[in-house]
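Worksheet: the structure to be examined is printed underneath.
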Amino acid sequence: MSIVLDNNRKGSVDEFIKENTRKSATINVVSPLFTIYAYDKLSKVLETSSRVRFLFNEPTFIRKIETNQKEVKEFQLKMREREKNISEFPYEIHLKNNLDQNQVANKCYQFIKNKAEVKSVINPGVISSSNISIHNADDSNYLISGSGINFTLDGLGYSNRVRWDFNTVLTEKNIVQEFVNFFESIWNNSSLVVDIKETLLDHIQNLYKENSPQLVYFLHFIIYSMKS
30 MSIVLDNNRK
40 GSVDEFIKEN
50 TRKSATINVV
60 SPLFTIYAYD
70 KLSKVLETSS
80 RVRFLFNEPT
90 FIRKIETNQK
100 EVKEFQLKMR
110 EREKNISEFP
120 YEIHLKNNLD
130 QNQVANKCYQ
140 FIKNKAEVKS
150 VINPGVISSS
160 NISIHNADDS
170 NYLISGSGIN
180 FTLDGLGYSN
190 RVRWDFNTVL
200 TEKNIVQEFV
210 NFFESIWNNS
220 SLVVDIKETL
230 LDHIQNLYKE
240 NSPQLVYFLH
250 FIIYSMKS
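Here you go:
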């Protein structure tokens, strides 16, 4: 059976994940983007899962660049933009100055440190599609696929702009298993992917250091003094 999610009238990716993920599920995410705010929206589901694996399907936080020298500059620019999107994705930029960013970043840091596994492809073009697979203990498994899927608020269906996606949810066991086999073959191939968990943790840790309670208090004190 197939289900269509258009992130509009026919349901959103976020709603489907929340309604169909059971406690102790295994979740695999393949996406070019990751934001702390998307984590925040799905935190209850993610925190109660038994295993969460995230695979950047575009090179992100890669320090050893393996590409033609002429392509290095463009490669680096694109990669830095994806890294910046962790907290400054264009459709989420209004949240950056929210005082809650410190708390969200801290929670995301703890989650990734204690539970998540994170890898990135080394070179672009290895995986073209983005997917989210859910594997429940009761054998109710789902594969969500679509061009609009990415691990951002926008990709999950939280968007103020007019958009219509055509994301599909597949439930056939053989198709879901085919994806699992495909995912495992990439995930376990050290020539294709590299573990970037520690680098991502350093990046997120810097987010809540920059927005520490002491700094927020200091800025508010300055603003209050200027108004007085």
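When you line the sequence shown up against this note's numbering, it's residues 30 to 257, in that order.
All residues carry an ideal CB built from backbone N, CA and C; glycine is no exception.
This structure is a prediction, so every number in the text was calculated from the model and none was measured.
CB-CB under 6 Å to N165, same chain, minus the five flanking residues each way: which ones, in chain order?
Here the question's residue 165 lines up with position 136 in the sequence shown. Within the same chain, N165 has close Cβ partners R51, A54.
So, with DSSP's three-state summary, where would you put E146?
Residue mapping note: residue 146 aligns to position 117 of the sequence shown, counting from 1. Strand, per DSSP.
Start and end of the alpha helix (DSSP H) containing N49?
The count along the sequence shown starts at 1 and reaches residue 49 at position 20. Per DSSP, N49 belongs to the alpha helix (DSSP H) from 42-49.
Since I161 sits in a beta bridge, which residues does DSSP pair it with?
As a working note, residue 161 is residue 132 in the sequence shown. In the DSSP output, where bridge partners are listed per residue, I161 has V58, I173.
With S219 as the anchor, note down where its alpha helix (DSSP H) starts and where it stops.
Here the question's residue 219 lines up with position 190 in the sequence shown. Here S219 belongs to no alpha helix (DSSP H), and DSSP marks it neither H nor E.
Start and end residues, alpha helix (DSSP H) containing I65:
Numbered from 1 along the sequence shown, position 36 holds the residue referred to as residue 65. 65-70 is the span of the alpha helix (DSSP H), which, as asked, contains I65.
Among Y138, N196, A145, which residue has its Cα nearest to the Cα of S31?
For the purposes of this step, residue 31 is taken as the residue at position 2 of the sequence shown. Selected option, being the one with the closest Cα: N196.
Provide the residue span of the beta strand (DSSP E) that contains T197, from first to last.
In the sequence shown, residue 197 corresponds to position 168, counting from 1. Where T197 is concerned, the enclosing beta strand (DSSP E) stretches over 196-199.
Got a sec, what are the start and stop residues for the beta strand (DSSP E) I32 sits in?
Here the question's residue 32 lines up with position 3 in the sequence shown. Taken as a continuous stretch (DSSP letters only), the beta strand (DSSP E) holding I32 covers 31-34.
K202 burial status per 10 Å Cβ neighbour count (16 or more: buried)
By one-based count along the sequence shown, residue 202 stands at place 173. When all chains shown are included, K202 counts as exposed.
If K144 sits next to V81, beta carbons under 8 Å apart, how far is it from one beta carbon to the other, in whole angstroms?
As a first step, residue 144 must be located in the sequence shown, where it is residue number 115. As a first step, residue 81 must be located in the sequence shown, where it is residue number 52. About 6 Å; that satisfies the 8 Å criterion.
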